[in-house]
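Student: Going by our numbering, the residue at position 96 of the sequence shown is 116; the numbering climbs one at a time, nothing skipped.
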Amino acid sequence: MAQLHKLGFEAEIKCSADKYFGMFSNNVTQLPKFVPSTFKSVEITEGDGTSIGSTRLWKYAIVFNVKIDVVPKQHATGNGSLVKWSLEFEKVNDDIPDPTAYIDAIQLVTNELSSQLC
Numbered sequence: 021m022a023q024l025h026k027l028g029f030e031a032e033i034k035c036s037a038d039k040y041f042g043m044f045s046n047n048v049t050q051l052p053k054f055v056p057s058t059f060k061s062v063e064i065t066e067g068d069g070t071s072i073g074s075t076r077l078w079k080y081a082i083v084f085n086v087k088i089d090v091v092p093k094q095h096a097t098g099n100g101s102l103v104k105w106s107l108e109f110e111k112v113n114d115d116i117p118d119p120t121a122y123i124d125a126i127q128l129v130t131n132e133l134s135s136q137l138c
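1. I need the straight-line Cα distance from Gln127 to Val90, nearest angstrom please.
2. Bridge partners for Asn47 per DSSP, in chain order?
3. Would you mind stating whether Pro52 and Ser45 have Cβ atoms separated by less than 8 Å?
4. Is the CB-CB distance between Ser101 and Pro92 below 8 Å?
5. Would Gly67 pass as a contact of Thr58 if the rule is Cβ separation under 8 Å?
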């Protein structure tokens, strides 16, 4: 029987929470421009892409459910944010290793997007 598992990580970024999260909520079709090594394309297939019920088709080589939280964080030297990613996946049994390479890919997206967007 398949088992549900989670992996995740947190990273500090230079962007405001609104700007970083806005890329995923309002400008997601631009992700391939910022991280072409991970995203081949992101298309809006239903709705306007930002409202409830919109459907997005993400084309890349990995399949999983992802949750992202971006919260503002005050620094002594300026503003930034903390991004928290959670990766949910199914495993047929515990003998199958966790897909840690996917976390590496999400970390790459976080770093690349932060360096180019912020």
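For each residue, glycine too, the CB sits at the ideal point set by N, CA and C. Because the structure is a prediction, the values reported are computed rather than measured.
Tutor: Working from what's here:
1. 14 Å
2. Answer is none; Asn47 lacks a bridge partner.
3. no
4. yes
5. no
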